[in-house]
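Participant: Take this structure, written in structure tokens, and hold onto it; I'll ask about it next.
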Amino acid sequence: MTDPIYLDYAATTPVDPRVLGVMMPYFNASFGNPSSVHRYGQRAEAALDSARETVASVLHCRPEEIIFTSCGSESDNLALRGAMMIGLKNNRPWLLTSRTEHHAVSKTAEQLEKYYGVQVEWLPVDARGAVTPDAMRHAVCDGTALASVMLANNEIGTINPIAELAAICHEHGILFHTDAVQAAAYLDVDVTKLGVDMLSLGSHKFYGPKGVGALYVKKGTQLLPHTTGGGQEFGLRAGTQNVPYIVGFAEALRLTAQEREERVAHVQPLRDQIIGRVLEEIPDSQLTGHPENRLPNHASFVFKDVDGNLLLQLLDAAGFACSSGSACKTGNPEPSEVITALGLSRDWALGSLRITLGKDSTPEQTDSFLSTLPSLVEKTRHLSATDH
Amino acid sequence: MTKVVVAMSGGVDSSVAAALLKQQGYDVVGMMLRLWSAPGKEDSNRCCTPDSMAQARRVAAKLDIPFYVVDAKNVFRETVVQYFLDGYARGETPNPCLMCNRQIRWTFLLDHALALGAEFMATGHYARIRNSEFGIRNLLRAVDESKDQSYVLHVLTQEKLQRALFPVGEYPKPEIRKIAESFGLPTASRADSQDLCFLAGEDYRNFLQRNAPQLNQPGEIIRTDGKVLGQHNGLASYTIGQRKGLGVASPVPLYVITKHATHNTLVVGTQDELGFSELTARDVNWISGEAPPAAFRAMVKIRYTAKPVPAEVTPLAGGARAHVRFDAPARDVTAGQAAVFYVGEEVLGGGIIE
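Chains as they are written, first to last, in the working numbering: chain A, 1 to 388; chain B, 1001 to 1354.
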């Protein structure tokens, strides 16, 4: 049995062989602890420093503004928890964020509200899933410590106007964090252009290894660390650094920045073809997210009266690996918060499908996908209709 | 490669079914149903606990086959649970597992399997299928009679049997455990329990009280001769043949003989009165697709756990119903349970006892 065609690059990507190559020496040959005084430690520390410089050059920031973490979710946690603990102390208990954020942000916000006394205001999104500057202007107040809005949405691909949103926050002395985990594979993550105080990254979305991430923290930003211990990562994240993975992260990000234009030029026409043909050929279909202002590798839809979970199973069986906003491996499908936030009714919201492309995607793959999808959607509709 | 979907439970039988089919060269896909339980008890449904789901997932990974969980909550609630409630409303003791096999496993899940491109669906049931003349498939008892589950499969039509595979029915249970070991699969059986999965450990009377409170109307307990002995607290709380907990004083032990839903009376009598010499079954399914032309001798099984007893079976109403006359009065004949007719090792059909 051949492996299904992979159309789920937003979930994760394979490690680039060039990335794997630079990681390997740090598993055994140069295995030292970067905190150690001896030469083993020094070699590891040099690799760590170099990785930090590489990341800083892509983000247009200083190396000491890069905090390495174990993943994008941890970066989001450090940003939210770290800033809100300080906010609470300074009598600024409000946190602004949207319902379309990744769970790493929204669930953290909910916990901060429930157990720590943080006040959360949920920013509304427009029908395309974007947080508008108006919504931000309405929400900010003197008691707000932090706003967190993602750069690009993982489920629907919509890109938020981060620079504008951040500027509004700064007028009120509010810190601004953006989760750029999904965006970094294709969008410029220059923090000076974005004007953010914090930015989260996760390496496995751009052909780096899983299990390593970073948080950009603008110099002068006060955060309370949530992992305490040794003084690693400028006192913001205790624990011996995962040197091989950090080296891989930096190399993956460097390659992504270097090859960004050609990667975009490769996936965007394929994505446009998918969006065009799906909307044209499948009755009762809608694009979710913004039609233009979206990630160039990202196509997402809802189909009326379709069980999205079943559609994924049929697609997998037919040889295509995709994803859905209501996907659930335990058979308890519910529309995601993101799809719900768009204001779609349940008969639409349960039938979501996400196709995300990558550098190994080919026109043959998308053609083959497009010639299969319409009949599978029909099959799903037929099955759902006979079930009840 | 021929594709087959295996309905997996995480237990040894369906795991071995998947392993055997894979070994035989099928393109095997694992599926598991997410069934309905009362709100708050979803994770305690015996057929799909998080544990059993994780176990099935591990087995699928071990066998390197795809595995999908299919949401059947709504359809299960609407068919199986409704059937359970309706049965008690009629004063019967329904067997919802029969309905689950017919409507959920062999309709809902089979439709999913076919949509996935499968030609067959397999389960870990202990039963066998044999081809006979004219392309008809016969349903037979399992090789291991002590594990035989053909009783619950008597609801299958030819259309379903053409798609069904029961790989483990060809082996004795100890052999299945050995095969599981040889594949490195878990060897534990799912806890064999008479409890209904969707009750999630709750007493069915509490479930009925909550979901069909109108069924718990007190009424009279009468003796077979019509004498009123006392009050019952809702017919649904009693089963045919029950002796304990009747709450009536009598010099000889009394048993529940029958229940009259229309009059809401519970009829009790002595042990001698307990046996029924005949019964009528409705909604009869004949495995071959056609009722036998005349009355025939058969061994009839009236409950999942009952021993088959000899009887004469007469198809009625073109086969939709059947009359059963036992050679000797049979105990515990319970309306709502199935009577299944065996000739030798073959299941000829069965229906719901009235």
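Glycine is no exception: its CB is placed at the ideal position from the N, C-alpha and C atoms. None of these values were measured; they are calculated from a predicted model.
(1) Using C-beta distances below 6 Å, list every residue in its chain close to G1289 of chain B, excluding the 5 sequence neighbours before and after it, in chain order.
(2) For a test of the three-state rule: what should DSSP assign to G289 of chain A, helix, strand or coil?
(3) Here's the rule: buried if 16 or more other CB atoms are within 10 angstroms of the residue's CB, otherwise exposed. What is R52 of chain A?
(4) Counting only the same chain and skipping the five closest in sequence on each side, list residues whose C-beta sits under 6 Å from that of H298 of chain A.
(5) Can you give me the start and stop residues for the beta strand (DSSP E) that G87 of chain A sits inside?
(6) Using a Cβ-Cβ distance under 8 Å, would A317 of chain A count as near chain B?
(7) Within the region 1294 to 1334 of chain B, note down every full beta strand (DSSP E) run reaching 3 residues or more, in order along the chain.
(8) Between A1115 of chain B and chain A, is any beta-carbon pair separated by less than 8 Å?
(9) Taking 7 Å as the limit between beta carbons, can you name the residues of its chain near S30 of chain A, skipping five residues before and five after?
(10) What residues of chain B sit near L314 of chain A, judged by a beta carbon separation below 7 Å?
(11) Using a Cβ-Cβ cut-off of less than 8 Å, list which residues of the region 1098 to 1131 of chain B approach chain A; keep chain order.
(12) Using the three-state DSSP reduction, which class does A1188 of chain B fall into: helix, strand or coil?
(13) Are the C-beta atoms of Y1068 of chain B and some chain A residue less than 8 Å apart?
(14) Using only CA atoms, which one of A:T340, A:E65, A:A135 and A:N77 lies nearest to L96 of chain A?
(15) Taking R1163 of chain B as the query, report the chain A residues whose CB atoms sit under 8 Å from its CB, ordered along the chain.
(16) Using DSSP bridges, identify the partner residues of P68 of chain A.
(17) Express the C-alpha separation of V1081 of chain B and T1258 of chain B in angstroms, rounding to a whole number.
(18) Roughly how many angstroms separate the alpha carbons of L7 of chain A and E262 of chain A, rounded to a whole number?
(19) Less than 8 Å between CB atoms is the rule here; does V1029 of chain B satisfy it with respect to chain A?
(20) Given a threshold of 16 other Cβ atoms within 10 Å of its Cβ, counted over all protein chains shown, does H177 of chain A qualify as buried or as exposed?
(21) Pull up the distance between the alpha-carbon of P1293 of chain B and that of N1285 of chain B, whole angstroms please.
(22) When we look at the beta-carbon of A1060 of chain B and count the other beta-carbons within 10 Å, is it buried (16 or more) or exposed?
(23) Taking 8 Å as the limit between beta carbons, can you name the residues of its chain near E1181 of chain B, skipping five residues before and five after?
(24) On the three-pair Cβ rule with 8 Å, is the region 368 to 385 of chain A touching the region 311 to 321 of chain A?
(25) Report all residues from its chain with a CB closer than 6 Å to the CB of M1008 of chain B; omit the five preceding and five following residues, and keep chain order.
(26) Nearest-angstrom Cα distance between P1310 of chain B and Y1342 of chain B?
(27) With the cut-off set at 8 Å, would you say I67 of chain A and R237 of chain A are in Cβ contact?
(28) How long is the line joining the alpha carbons of T288 of chain A and S1146 of chain B, rounded to whole angstroms?
(29) Following the continuous beta strand (DSSP E) through H103 of chain A, name the residue where it begins and the one where it ends.
(30) For L383 of chain A and A1317 of chain B, what's the separation of their Cα atoms in angstroms?
(31) Under 7 Å Cβ-Cβ, which residues of chain B neighbour L383 of chain A?
(32) Near H388 of chain A, what residues of its chain come up, given a Cβ to Cβ distance below 7 Å and the 5 sequence neighbours on each side ignored?
(33) For chain A, is any of its Cβ atoms less than 8 Å away from the one on R1077 of chain B?
(34) In the DSSP assignment, find the alpha helix (DSSP H) that holds T1239 of chain B and state where it starts and stops.
(35) Quick check: what's the CA-CA separation for W1036 of chain B versus I1104 of chain B?
(36) Taking Cβ-Cβ distances shorter than 8 Å, what residues in chain B pair up with P335 of chain A?
Facilitator: If we stick to the structure as given:
(1) Counting from 1 along the second sequence, the entry for residue 1289 of chain B is found at position 289. Within the same chain, G1289 of chain B has close Cβ partners Q1158.
(2) As a working mapping, residue 289 of chain A is identified with position 289 in the first sequence. Three-state result, G289 of chain A: coil.
(3) As a working mapping, residue 52 of chain A is identified with position 52 in the first sequence. Buried, because 16 or more other Cβ atoms sit within 10 Å of the Cβ of R52 of chain A.
(4) Looking up residue 298 of chain A in the first sequence gives position 298. Cβ within range, chain order: G157 and T356.
(5) For this step, residue 87 of chain A is matched to residue 87 along the first sequence. Counting along the chain, G87 of chain A falls outside any beta strand (DSSP E), though it belongs to the alpha helix (DSSP H) covering G72 to K89.
(6) Looking up residue 317 of chain A in the first sequence gives position 317. Yes, contact with chain B.
(7) 1296 to 1301, 1309 to 1316 and 1321 to 1330
(8) For the purposes of this step, residue 1115 of chain B is taken as residue 115 along the second sequence, with counting starting at 1. Taking Cβ atoms only, chain A reaches closer than 8 Å to A1115 of chain B, which makes this a yes.
(9) Taking the first sequence and counting its residues from 1, one reaches residue 30 of chain A at position 30. Within the same chain, S30 of chain A has close Cβ partners R43, A44 and A47.
(10) Counting from 1 along the first sequence, the entry for residue 314 of chain A is found at position 314. Here the neighbours are A1115 and L1116.
(11) F1108, D1111, H1112, A1115, L1116 and G1117
(12) Translated into the one-based positions of the second sequence, residue 1188 of chain B becomes position 188. Coil.
(13) Counting from one through the second sequence, the residue named residue 1068 of chain B turns up at place 68. Chain A contact via Cβ: present.
(14) Within the first sequence, residue 96 of chain A is the residue found at index 96, counting from 1. Ranking A:T340, A:E65, A:A135 and A:N77 by Cα distance to L96 of chain A puts A:A135 first.
(15) Residue 1163 of chain B sits at position 163 when you count from the first residue of the second sequence. Under the 8 Å cutoff, chain A gives no residues; its nearest Cβ is about 16 Å from R1163 of chain B.
(16) Sequence index remark: in the first sequence, residue 68 of chain A carries index 68 (1-based). The displayed chain sequence assigns Phe, not Pro, to residue 68 of chain A. For F68 of chain A, which the question treats as bridged, DSSP gives the partners A:A214.
(17) Taking the first residue of the second sequence as 1, we reach residue 1258 of chain B at position 258. Taking the first residue of the second sequence as 1, we reach residue 1081 of chain B at position 81. C-alpha separation (whole angstroms): 23 Å.
(18) Within the first sequence, numbered from 1, the residue matching residue 7 of chain A stands at position 7. Within the first sequence, numbered from 1, the residue matching residue 262 of chain A stands at position 262. Between L7 of chain A and E262 of chain A, the C-alpha separation is close to 19 Å.
(19) Residue 1029 of chain B sits at position 29 when you count from the first residue of the second sequence. So, interface residue.
(20) Against the first sequence, residue 177 of chain A aligns to sequence position 177. Burial call: buried.
(21) On the second sequence, residue 1293 of chain B is found 293 positions in, with the first residue counted as 1. On the second sequence, residue 1285 of chain B is found 285 positions in, with the first residue counted as 1. Near 14 Å, if we compare the C-alpha coordinates of N1285 of chain B and P1293 of chain B.
(22) Start at 1 with the first residue of the second sequence, and residue 1060 of chain B comes out as number 60. So A1060 of chain B ends up on the buried side.
(23) Counting from one through the second sequence, the residue named residue 1181 of chain B turns up at place 181. The answer, listed in chain order, is T1187.
(24) yes
(25) As a position in the second sequence, residue 1008 of chain B is number 8, starting the count at 1. So the qualifying residues of the chain are S1014, G1030, M1032 and A1056.
(26) Residue 1310 of chain B sits at position 310 when you count from the first residue of the second sequence. Residue 1342 of chain B sits at position 342 when you count from the first residue of the second sequence. The alpha-carbon atoms of P1310 of chain B and Y1342 of chain B are separated by roughly 9 Å.
(27) Within the first sequence, residue 67 of chain A is the residue found at index 67, counting from 1. Within the first sequence, residue 237 of chain A is the residue found at index 237, counting from 1. Going by C-beta atoms, I67 of chain A is nearer than 8 Å to R237 of chain A.
(28) Here residue 288 of chain A refers to the residue found at position 288 of the first sequence. Here residue 1146 of chain B refers to the residue found at position 146 of the second sequence. Straight-line Cα distance between these residues: approximately 56 Å.
(29) As a first step, residue 103 of chain A is located in the first sequence; it is residue number 103 there, counting from the start. Premise fails: H103 of chain A lies in the alpha helix (DSSP H), H103 to Y116, not in any beta strand (DSSP E).
(30) On the first sequence, position 383 is the one that residue 383 of chain A refers to. On the second sequence, position 317 is the one that residue 1317 of chain B refers to. Whole-angstrom Cα-Cα distance: 34 Å.
(31) What you label residue 383 of chain A is simply residue 383 of the first sequence in a count that begins at 1. Those are D1111, H1112 and A1115, listed as they occur along chain B.
(32) For the purposes of this step, residue 388 of chain A is taken as residue 388 along the first sequence, with counting starting at 1. Below a pLDDT of 50, predicted positions are generally treated as unreliable, and H388 of chain A, at 46, falls in that range; no measurement from the model is reported.
(33) Here the question's residue 1077 of chain B lines up with position 77 in the second sequence. Closer than 8 Å: no.
(34) By one-based count along the second sequence, residue 1239 of chain B stands at place 239. Taken as a continuous stretch (DSSP letters only), T1239 of chain B belongs to no alpha helix (DSSP H), as it is neither H nor E.
(35) Numbered from its first residue, the second sequence carries residue 1036 of chain B at position 36. Numbered from its first residue, the second sequence carries residue 1104 of chain B at position 104. Taking the straight line joining both Cα atoms gives about 11 Å.
(36) As a first step, residue 335 of chain A is located in the first sequence; it is residue number 335 there, counting from the start. Going along chain B, no residue has its Cβ under 8 Å from P335 of chain A, so there is no contact; the nearest lies around 13 Å.
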